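Visitor: Residue 2 in UniProt numbering sits at position 2 of the sequence shown; the count goes up by one each step and never skips.
Just so it is clear, CB atoms sit at the ideal spot from N, CA and C, and this is done for glycine as well.
Fair warning: this is a prediction, and the values are worked out from it, not measured in the lab.
Pasting in a structure now, in structure tokens, and then I'll have a few things to ask.
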Amino acid sequence: MSLRAPIAALRRAPRAVSSLHALRFAPRAAALSTSAIRRDEKLVESVMATARQNVQDGKRAPTAHDGEQGVRLLMFGKPGSGKGTLSAKLVEAYDIAFISTGDLLRQEIAAKSDVGKKAEEIVRTGGLVSDELMLEMVVGELEHHHGQSWIIDGFPRTLKQGQLLNEVLQKQVRRARPSSRRQLTPQRRPFNMVVNLNVPDAVIMQRIAARWVHLPSGRVYNDTYSAPKVPGKDDVTGEPLSKRPDDTPEVFSKRLQSYYKQTAPLLEFFAHEYPDVLHSLTGSSSDQLWPLLRKLVDKAGMEPRFEHVRKQADDLADTAHVPLDDGKVAHVGHDGNGSAR
Numbered sequence: 001m002s003l004r005a006p007i008a009a010l011r012r013a014p015r016a017v018s019s020l021h022a023l024r025f026a027p028r029a030a031a032l033s034t035s036a037i038r039r040d041e042k043l044v045e046s047v048m049a050t051a052r053q054n055v056q057d058g059k060r061a062p063t064a065h066d067g068e069q070g071v072r073l074l075m076f077g078k079p080g081s082g083k084g085t086l087s088a089k090l091v092e093a094y095d096i097a098f099i100s101t102g103d104l105l106r107q108e109i110a111a112k113s114d115v116g117k118k119a120e121e122i123v124r125t126g127g128l129v130s131d132e133l134m135l136e137m138v139v140g141e142l143e144h145h146h147g148q149s150w151i152i153d154g155f156p157r158t159l160k161q162g163q164l165l166n167e168v169l170q171k172q173v174r175r176a177r178p179s180s181r182r183q184l185t186p187q188r189r190p191f192n193m194v195v196n197l198n199v200p201d202a203v204i205m206q207r208i209a210a211r212w213v214h215l216p217s218g219r220v221y222n223d224t225y226s227a228p229k230v231p232g233k234d235d236v237t238g239e240p241l242s243k244r245p246d247d248t249p250e251v252f253s254k255r256l257q258s259y260y261k262q263t264a265p266l267l268e269f270f271a272h273e274y275p276d277v278l279h280s281l282t283g284s285s286s287d288q289l290w291p292l293l294r295k296l297v298d299k300a301g302m303e304p305r306f307e308h309v310r311k312q313a314d315d316l317a318d319t320a321h322v323p324l325d326d327g328k329v330a331h332v333g334h335d336g337n338g339s340a341r
């Protein structure tokens, strides 16, 4: 059954979610000192304190054998927190599909699909692609990864997007399993891992200030931990490096404000809907966060790519080859007869 459900029918008033009270855990950035931003930041901190307690309590992560799929992961984090780097590490280390909404949008437009044509017209006129259209693309892509592990990048970004995505996927699960209409077990829920990367604002601001980019290729350098071989020059071409227009304290402070405003209610929603699988990982760099994230994924029953491939090879060898005493190998056919050579 197609996952492309009537999206418009899902529009409704936001569901009420409970407020979570916990200890504060991150210093306030001086640039974000308005009362509204403080309120949003406190809400993010409250939700994440509960998520960190989940990690400390050692609550069981769903294993890859609990349901038809392995890891179904959403990752949140401030701009500059390392989401892209960590997602790339996950895809490299595990058999996890990476679903990027930016890539999806470009692919749909290039393919001239119905969704792509709608999106192209909106982008051409300078508008913003609607939540419903983005949702249709994401859900359609997930259909191609049924039964697989995946991570979604760039969606949802707002409370409304999170509610719509959660609801349409829950409807799909219930249609596929009518017996589960009353209550979805943890194994059958659309997501079984929700991760927030908690990197201090001050660290992010320092990271952005030290960031340089080679605009033609997109290669990124950082004076702190990945400096170019020659200061101010690209390692490959020797061409000069530049600062991105938005890599300034003023612009980035506004981006952080927007993040807190949008993410606070979104995280509270997922804390209410998925309290046992929401995890907060705290660190100042991707090198610090990666072992924590990998531990979560390993706990969920995922095997690293090389281990998975090795086991497949061993299984194939066990079923297809029978070692003989003289060092020869018997190749076993379908009829069970072997021929040594």
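(1) In this structure, what does DSSP give as the bridge partners for Pro240?
(2) Within a Cβ cutoff of 7 Å, which residues of the same chain sit near Ser81, ignoring the five residues on either side of it in sequence?
(3) So if DSSP puts residue 358 in a beta bridge, which residue, or which two residues, is it bridged to?
(4) Am I right that Arg211 and Asp247 are in contact with their C-beta atoms under 8 Å? What's the rounded C-beta distance?
(5) Do Asp95 and Gly70 have their beta-carbon atoms positioned less than 9 Å apart in this structure?
(6) Sorted by chain position, which residues of the same chain lie with C-beta nearer than 7 Å to Ala119's C-beta, five sequence neighbours on each side aside?
(7) Using the Cα positions of Leu73 and Gln257, report the straight-line distance between them to the nearest angstrom.
(8) Grouping DSSP H, G and I as helix and E and B as strand, with all else coil, what is Val195?
(9) Using DSSP with H/G/I as helix, E/B as strand and the rest coil, what is Thr158?
(10) For a minimum of 4 consecutive residues, which ranges assigned as the alpha helix (DSSP H) are wholly contained in the segment 87 to 131?
(11) Report back the beta-carbon spacing between Asp153 and Thr101 to the nearest angstrom; my notes put them in contact at under 8 Å.
(12) Please report the distance separating the alpha-carbon of Ser149 from that of Tyr221.
(13) Look at the Cβ atom of Ala202, then the Cβ atom of His145, and state whether they are nearer than 9 Å.
(14) Which residues does DSSP list as the beta-bridge partners of Ser280?
Guide: Taking the definition as stated:
(1) Lys233
(2) Leu197, Val199, Ile204
(3) The shown model of the chain, from 1 to 341, leaves out residue 358, and the question about it has no answer.
(4) Indeed, because the Cβ distance is near 6 Å, the residues count as touching under 8 Å.
(5) The answer is yes: Cβ separation under 9 Å.
(6) Leu105, Glu108, Ile109, Val129, Leu133
(7) Taking the straight line from one Cα to the other gives about 25 Å.
(8) DSSP places Val195 within a strand segment (E or B) once states are collapsed to three.
(9) coil
(10) As far as the segment 87 to 131 is concerned, its whole alpha helix (DSSP H) runs of at least 4 residues are 101 to 111, 114 to 124.
(11) 7 Å
(12) 31 Å
(13) no
(14) Asn196
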